[in-house]
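S.K.:
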Amino acid sequence: MTEQRRILVVEDDATIARAVRDRLAAEGFDVRVAADGHAALAEYGRAEPELVILDRLLPGLDGLEVCRRMQAARPVPVLMLTALGEETDVLVGLGVGADDYLAKPFSMRELVARIHALLRRVERAGQLATTEDAVVRVGEVEIDTAARRVFVSGTEAQLTRTEFDLLRRLAERPGQVFERERLLSDVWGFSEAAATRTVDSHVRALRRKLGPDVVRTVHGVGYALVRR
Numbered sequence: 001m002t003e004q005r006r007i008l009v010v011e012d013d014a015t016i017a018r019a020v021r022d023r024l025a026a027e028g029f030d031v032r033v034a035a036d037g038h039a040a041l042a043e044y045g046r047a048e049p050e051l052v053i054l055d056r057l058l059p060g061l062d063g064l065e066v067c068r069r070m071q072a073a074r075p076v077p078v079l080m081l082t083a084l085g086e087e088t089d090v091l092v093g094l095g096v097g098a099d100d101y102l103a104k105p106f107s108m109r110e111l112v113a114r115i116h117a118l119l120r121r122v123e124r125a126g127q128l129a130t131t132e133d134a135v136v137r138v139g140e141v142e143i144d145t146a147a148r149r150v151f152v153s154g155t156e157a158q159l160t161r162t163e164f165d166l167l168r169r170l171a172e173r174p175g176q177v178f179e180r181e182r183l184l185s186d187v188w189g190f191s192e193a194a195a196t197r198t199v200d201s202h203v204r205a206l207r208r209k210l211g212p213d214v215v216r217t218v219h220g221v222g223y224a225l226v227r228r
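Throughout the sequence shown, residue numbering follows this note's numbering, covering 1 to 228 in sequence.
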């Protein structure tokens with residue numbers, strides 16, 4: 001019998017937490033639930049989940065601090081839930097280690113698709129790490145694909161798992177324009193037209209960490225890594 005994959009749901013709204021728990025349990029996951037930041041960190045240490053669904057706004061420690069502490073203790077894929085519409089809040093969440101985000105209200109179908117896509121990316125990254133040994137250089141950016149490390153002018157940039165995967169995909173063909181829908185499919189592993197803002201947010205996060213001119217926007221189409 002295959003061991004169930006363990007997911008920690010951190011959500012202070014009992015109705016949402018129960019609905020997410022029931023849906024994920026029906027999908028075959030072993031689901032643990034915490035209602036605040038301190039309980040989340042305690043359960044994270046006990047359960048050692050493979051993925052965390054984390055609300056941005058929590059009583060006590062907020063979701064950003066919880067994410068920061070989790071990633072410092074043991075890196076894990078984090079899908080952050082947010083009721084906030086401000087772009088800065090999304091970017092801060094990505095900056096502290098969240099791999100993806102989903103705005104409330106959300107559909108359970110999209111939540112499940114995002115979870116499966118995140119878990120697939122983790123597996124694929126592990127497989128690639130055993131086969132890739134190339135270092136890719138594009139201008140001042142150096143990408144160590146095996147170690148999953150990125151340097152800009154010799155200084156390491158701390159990228160999340162998703163940011164790294166997005167950068168590596170763009171670096172496969174520097175200068176080529178990738179449509180948002182294609183990046184969403186290639187990097188996130190699913191295609192939802194309404195979710196292309198996810199790509200936009202991650203590109204903005206890359207620019208903050210690598211420099212504003214590293215990724216070029218082709219308006220109405222997508223993005224390209226700038227050749228120098």
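Yeah, the Cβ is synthetic: ideal placement off N, Cα and C, and Gly gets one too.
1. For Ala205, list the residues DSSP reports as bridge partners.
2. Evaluate Val150 with the Cβ neighbour count: other Cβ atoms within 10 Å of its Cβ, from every protein chain shown; 16 or more gives buried, anything less gives exposed.
3. Can we say the segment 41-60 touches the segment 99-119, given the rule of at least three CB pairs closer than 8 angstroms?
4. So, at 6 angstroms on beta carbons, what are the nonlocal neighbours of Val138 in its own chain, with the 5 sequence-adjacent residues on each side left out?
5. Exposed or buried, which one is Glu11 when buried takes at least 16 other CB atoms within 10 Å?
6. What would DSSP say about Phe164, mapped onto helix, strand or coil?
7. Enumerate, from N- to C-terminal direction, the unbroken alpha helix (DSSP H) stretches of 4 or more residues contained entirely within the segment 1-54.
8. Distance, Cα to Cα, Val33 vs Asp22?
9. Kindly confirm or deny that the segment 75-85 and the segment 25-32 touch, where touching means at least three C-beta pairs closer than 8 angstroms.
10. Give the secondary structure of Ala224 by DSSP, where H, G and I count as helix, E and B as strand, and everything else as coil.
11. Could you pull out every residue in the same chain whose Cβ sits closer than 8 angstroms to the Cβ of Ala17, ignoring the five residues on either side in sequence?
12. Could you work out which residue in Ala134, Ala40 and Leu94 is closest to Met80 when comparing CA atoms only?
M.R.: By the coordinates alone:
1. Answer is none; Ala205 lacks a bridge partner.
2. Val150 sits buried, since 16 or more C-beta atoms from the chains shown fall within 10 Å of its C-beta.
3. A contact exists between the segment 41-60 and the segment 99-119.
4. Ala171, Pro174 and Leu225.
5. Buried is the label assigned to Glu11, since at least 16 other Cβ atoms lie within 10 Å of its Cβ.
6. Note: Phe164 maps to helix in three-state DSSP.
7. Counting whole runs of 4 or more residues, the segment 1-54 contains the alpha helix (DSSP H) stretches 14-26 and 37-47.
8. Straight across, the Cα-Cα distance linking Val33 with Asp22 is about 11 angstroms.
9. Flag = no, the segment 75-85 and the segment 25-32 do not touch.
10. If DSSP states are grouped into helix, strand and coil, Ala224 belongs with the strands.
11. Result list for Ala17: Val9, Glu11, Val33 and Ala35, in chain order.
12. Out of Ala134, Ala40 and Leu94, Leu94 has the C-alpha closest to the C-alpha of Met80.
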